[in-house]
Amino acid sequence: MTTTPLPTPLSPTARTTVGRGRNRAVEDRAALHALLADALVAHLGVVVGGHPVVLPTAFAVDPEGPDADGTLYLHGSVAAGWLRAATDSTVCVTVTELDGLVAGRSAFHHSMNYRSAVVIGAARVVDDPEERQHALDLIVDHMIPGRSGTLRPSTRKELAATAVLAVPLHEASMKARAGGPVDEPADVAAGTWGGHLPLRRVLGEPVPDPDAVGPVPADVVARSAHRPAAR
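Here the sequence shown is numbered in our numbering, starting from 29 and rising by one per residue.
Right, here's the structure in full:
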């Protein structure tokens, strides 16, 4: 009888082990996948020309991807200097979702509710045409689920100008905070108001392009109707 291997716990290495605020560390890899499913922008940290740069980028995840514990795919341009610098180098990718503002009874105890992840690993450029097309479809569908299946195939020129960077999800850590402030008892007793303001991302109604023909497609309508729950 074969057994399915258990997923690697989060923070499996020293460089992804949470130090400060360990009470907010998340160890469940499923929670990392949930965060990556909710978020829309990743930030890639890489050394370019002898100095660090941090750049926002579209992304997608394949939990069953070819890399250890799944693959994080980052969208880029072949002309981007950061892409060349990141190839076969160790990079740091961060993803953060802000879920609320915490109003404490003192300035010290003001905070934010959030979910954040850090992924560290050796990046590789996706050269295999089949994997690259799969990654690009995932990135489009991460923005609007089902969208890639409604589009024409990419042209050779478009594919030649587009690059995908893959980073293993093996080395990752996650932290999260929820709820209200953690105030000093004396400040609570003083009667100052404390609490938190939930935040959520809301998608508006689709706005057709002036040249758009026909009704808004079902995939766009479904995405617009999605309302993440307030936290």
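Cβ atoms here follow ideal geometry from the backbone N, Cα and C, with glycine treated the same way. Everything numeric in this text was worked out from a predicted model, so none of it was measured.
Pair within 8 Å by beta-carbon distance, residue i and residue j
{"i": "A151", "j": "A194", "result": "yes"}
{"i": "A70", "j": "V119", "result": "no"}
{"i": "V123", "j": "L164", "result": "no"}
{"i": "A200", "j": "L60", "result": "yes"}
{"i": "G93", "j": "V82", "result": "no"}
{"i": "V54", "j": "L38", "result": "yes"}
{"i": "G149", "j": "H103", "result": "no"}
{"i": "S139", "j": "P209", "result": "yes"}
Neighbour-count burial assignment, residue i, 16 or more Cβ in a 10 Å radius
{"i": "P243", "result": "exposed"}
{"i": "A145", "result": "buried"}
{"i": "D97", "result": "buried"}
{"i": "N141", "result": "buried"}
{"i": "R57", "result": "buried"}
{"i": "T44", "result": "buried"}
{"i": "L231", "result": "exposed"}
8 Å CB neighbourhood of residue i in its chain, flanking five on each side removed
{"i": "D211", "result": "G132, R133, S134, H137 and G222"}
{"i": "S17", "result": "Residue 17 lies beyond the stretch modelled for the chain, which goes from 29 to 259, so this question has no answer here."}
{"i": "P80", "result": "G73 and V74"}
Bounding residues of the alpha helix (DSSP H) (the contiguous stretch that carries residue i)
{"i": "P157", "result": "P157 to M171"}
{"i": "V241", "result": "Neither: V241 is in no alpha helix (DSSP H) and is coded neither H nor E."}
{"i": "H61", "result": "R57 to D66"}
Extent of the continuous beta strand (DSSP E) to which residue i belongs
{"i": "A131", "result": "T118 to A131"}
{"i": "V89", "result": "F87 to D90"}
{"i": "V216", "result": "Note, V216: premise wrong, no beta strand (DSSP E); alpha helix (DSSP H) at P213 to A217."}
{"i": "L193", "result": "T190 to P196"}
{"i": "G149", "result": "S139 to A150"}
{"i": "L100", "result": "T99 to S105"}
Cβ shell of residue i (< 7 Å), same chain only, five flanking positions each side left out
{"i": "V75", "result": "A113"}
6 Å Cβ shell around residue i - same chain, five flanking residues per side excluded
{"i": "A67", "result": "V123 and E125"}
{"i": "T115", "result": "V153"}
{"i": "R143", "result": "L63, E125 and A204"}
{"i": "P196", "result": "D95, A96 and G149"}
Original post:
How do the region 161-179 and the region 127-143 stand: do at least 3 beta-carbon pairs fall below 8 Å, yes or no?
Top reply: no
**OP:** Tell me, please, whether the region 74-86 touches the region 176-189 by the rule of three or more beta-carbon pairs shorter than 8 Å.
**Re:** no
Subject >> Validate contact between the region 142-160 and the region 218-238 using beta carbons, cut 8 Å, 3 pairs >> reply: no
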